[in-house]
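Read the structure below first, then the notes.
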Amino acid sequence: MPLSSLEVGQLGRELANILRGGIERKRGDKHAIAGQLGISKSQLDRLLKGERPITIDQADIISGTIGKSLSAVLAEAESDTPGRPRDRTTYPSAADIFERGF
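So that you can map any letter, position 22 of the sequence shown is 22 in UniProt numbering, and since no number is skipped, the others follow by simple counting.
Right, dumping it as structure tokens:
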């Protein structure tokens, strides 16, 4: 079943969880990160709780603030998402796509 534009799927929630954990470990300044994204801290909190979808550009900026590449964070989210197919013989991973380009 397709998700609406405001729903966050399982992979999106795992991505948010990884980014939130990274910010907490680095003791990142959420106000500064929100400023980089051009959103309020409360909007950032909703993104990081998985209540709102994170755009690829937002994920890239947040990944940089925690010292990780976007492809590494996406690969971690893919591997940590239960129920995702593990046999990727027909579909490349998100990390592979980002490393090779679109």
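Yeah, the Cβ is synthetic: ideal placement off N, Cα and C, and Gly gets one too. In this text, all values refer to a predicted model and were calculated from it rather than measured experimentally.
Alpha-carbon to alpha-carbon, residue j and residue i
| i | j | result |
| --- | --- | --- |
| E78 | R13 | 11 Å |
| A16 | I54 | 8 Å |
| I61 | I23 | 12 Å |
| G83 | L11 | 10 Å |
| T81 | G9 | 10 Å |
| G28 | G35 | 13 Å |
| L69 | K30 | Position check: residue 69 holds Ser in this sequence, whereas Leu was assumed. Using only the alpha carbons, I get a separation of about 19 Å. |
| A75 | E7 | 21 Å |
Under 8 Å between C-beta atoms of residue i and residue j
| i | j | result |
| --- | --- | --- |
| S71 | E51 | no |
| L37 | V73 | no |
| I33 | L44 | yes |
| Q58 | L48 | no |
| K26 | G64 | no |
Local Cβ density within 10 Å of residue i, reported as buried at 16 or more and exposed below that
| i | result |
| --- | --- |
| S40 | exposed |
| S42 | exposed |
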